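Protein chains in written order, with the numbering used here: chain Z, 72 to 264; chain D, 72 to 264.
Here's the structure, in C-alpha cells; my notes come after.
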DNA sequence: CAGAATTCCTAGCAGTGCTAGGATCTGGAT
DNA sequence: ATCCAGATCCTAGCACTGCTAGGAATTCTG
C-alpha cells in the first residue's frame, strides 16, 4: 500500500509538471508553440504519457485555464478589498481585470477564447467561476440602481473583455487604454438622470 | 491582347469563386472545416491553384473578412439612417452590430478574432474600416458630452464586441442578450449627473 | 505547324493531434 | 533468489494539416 500512495504522489507531481510546462511554453511563445511533441520533450517523457494524464491537448489547456481563474479571482479580490467601495472599487476591479489580461495573455486566451470545455453560464459551474463573477458583482452591485445587478455585471464584464481582446490583438491601440477605461467607468458609475 | 483580358477576367472569376467557397464552407461548418484540400475540391481545382491566387489560407480568410466588413458597414448605415438620431440611433446601430455577429459568426470571427493582417488602428487602413468606425462614431458622437467622441466610440465598440464574443462562445447565455444591450445603452445614453 | 510560355496537377515535405502494440521495468508471492 | 503478473512507458504509425517543387499538359505566338 505504501508504494501505491508514492506512485499516486509521483503521478500528481508529473501532472503538475505538464500543466506548468504547458503554461510556461504558452506564455513564452504562444499557444501555437504548445504542441504535444514539444510538451513531451519539455517534461522529458514521450507523447503518450500526456494522454495518460489528460484526454487531449484541449484538456491540458483547460487545466492551465483553471489555474488562471484561481489567480484572477485572488487579484480581483485583492483589488476590490484594497479600496473603500463604490466607484473606486469598480475602478480597482476593472483595472485589475484588464491588467491581468495584458500581463498574462496566454493564460487569458486559454480562459476566455479557447477551452470551451469550462462550463460557464450554469449555476453549478466550477467554484472559481462563481467566485470570479462574485468579485465583479460585488463591485457593480452598489451602482446598479434599478437595474438587475447580475445582468449589469455580465454587461460590464463583457465590456472589459472586449477592451482586453481588441487591445491585445492590435485592433485598438494600447496607448489609449487608460482613457477608454476611464470613460467606461464614467458611464457605469454615472447615476440615472 | 484580347486573350489576355479574357484570362484576367477568368482569373478574377475564379478568385471570387475561391472566396465564396471559403465563406460558405466556414459559415456552414466553421473555419476548422475550411482546409486547403476541401476548398480545392469545392472549386474543382487542385490545391496549388489556391496559392496562385492567395499567399496562403490566412490571406483567403482576410479576403472573406473584407467582404464581411463591407456588409457590416451597409447594415450599420441602414440601421443608423432608419431612425431619427440620438439614443435611438445608438440602439439601432448596436442591435445591428450584435445581430450581424450572431447571424454570421464565421464572418465575424474572420473579421475580429482571426485574420490579424487587416490593419486596424492606423489612419491609412482600409476604407471599410474607416467607414465602419464612422458609422459607430456618428451614433455615439451626439451622446459624448465632454468625452472624446473617438475614444468613447472605441469603448462602445469594445463593449459590443465583448457581448458578441462571450455570448457566441456560450460564456454568457444568449437568452439575456436584449436585456444586456438595454442596460449597456442605458449607461451610454445616460447624461452626466 | 513547331517552339515558347503559361497553366495546372501529382507527389511530397514537415508538421499536427492522437493511438495501437509491444518492450521494459516494478512489486509481490513463492 | 526467482518467477510471474501488472503497471509503465516508448517506438512507430495513422490520418490529417498548410504549403511547395517539378514535371506534364495545354495554350498562345511567330
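Every residue, glycine too, gets a C-beta built ideally from N, C-alpha and C.
The structure presented is a predicted model; accordingly, all values stated were derived computationally and were not measured.
Identify the contact partners of residue i in chain D, using a Cβ-Cβ distance below 9 Å as the criterion.
i                      : result
residue 251 of chain Z : 222, 223, 225, 226 and 229
residue 106 of chain Z : Here the premise fails: no neighbours, minimum Cβ distance about 17 Å.
Could you say which of the options lies nearest to residue i if we only look at CA atoms?
i                      : options                       : result
residue 234 of chain Z : Z:169, Z:149 and Z:163        : Z:169
residue 131 of chain Z : Z:186, Z:100, Z:180 and Z:199 : Z:186
residue 225 of chain D : D:242, D:197, D:191 and D:250 : D:191
residue 210 of chain D : D:229, D:162 and D:198        : D:162
residue 147 of chain D : D:240, D:200 and D:85         : D:200
residue 256 of chain Z : Z:228, Z:173, Z:125 and Z:241 : Z:228
residue 232 of chain Z : Z:184, Z:84 and Z:198         : Z:184
residue 223 of chain D : Z:238, Z:258, Z:121 and Z:82  : Z:258
residue 127 of chain D : D:84, D:208, D:252 and D:188  : D:188
residue 137 of chain D : D:197, D:97 and D:110         : D:197
residue 122 of chain D : D:82, D:140 and D:139         : D:82
residue 141 of chain Z : Z:245, Z:171, Z:249 and Z:244 : Z:171
residue 139 of chain D : D:242, D:94 and D:246         : D:94
residue 124 of chain D : D:85, D:215 and D:245         : D:85
What residues of chain Z sit near residue i, judged by a beta carbon separation below 9 Å?
i                      : result
residue 187 of chain D : 240, 241 and 242
residue 195 of chain D : Ordered by position in chain Z, no residue passes the 9 Å Cβ test against residue 195 of chain D, which lies about 14 Å from the chain.
Should residue i be labelled buried (16 or more other beta-carbon atoms within 10 Å of its own) or exposed?
i                      : result
residue 78 of chain D  : exposed
residue 203 of chain D : buried
residue 217 of chain D : exposed
residue 230 of chain Z : buried
residue 193 of chain Z : exposed
residue 108 of chain D : exposed
residue 101 of chain D : exposed
residue 105 of chain D : buried
residue 251 of chain Z : buried
residue 242 of chain D : buried
residue 246 of chain D : exposed
Along chain D, in chain order, which residues have C-beta atoms closer than 8 Å to that of residue i?
i                      : result
residue 163 of chain Z : Result: empty, since nearest Cβ-Cβ is about 18 Å, beyond 8 Å.
residue 203 of chain Z : Per Cβ cutoff of 8 Å: no residues; residue 203 of chain Z is ~12 Å from chain D at best.
residue 247 of chain Z : 222 and 225
Quick one: which chain Z residues come within Cβ less than 8 Å of residue i?
i                      : result
residue 218 of chain D : 254 and 257
Using a Cβ cut-off of 7 Å, pull out every chain Z residue sitting near residue i, in sequence order please.
i                      : result
residue 192 of chain D : 241, 242, 243 and 244
residue 263 of chain D : 261
residue 143 of chain D : Per Cβ cutoff of 7 Å: no residues; residue 143 of chain D is ~14 Å from chain Z at best.
Between the beta-carbon of residue i and the beta-carbon of residue j, is there less than 8 Å?
i                      : j                      : result
residue 154 of chain D : residue 206 of chain D : no
residue 166 of chain D : residue 150 of chain D : yes
residue 157 of chain Z : residue 220 of chain Z : no
residue 98 of chain Z  : residue 175 of chain Z : yes
residue 263 of chain Z : residue 261 of chain D : yes
residue 236 of chain Z : residue 236 of chain D : yes
So residue i contacts chain D; which residues on that side make the cut at Cβ distance below 7 Å?
i                      : result
residue 110 of chain Z : Those within 7 Å of residue 110 of chain Z in chain D number zero; the least Cβ separation is about 21 Å.
residue 237 of chain Z : 229 and 232
Using 8 Å as the Cβ pair cut-off and three pairs as the minimum, do the region 121-141 of chain D and the region 175-182 of chain D touch?
yes
Within the chosen definition, does the region 82-92 of chain D reach the region 113-128 of chain D through at least 3 CB pairs nearer than 8 Å?
yes
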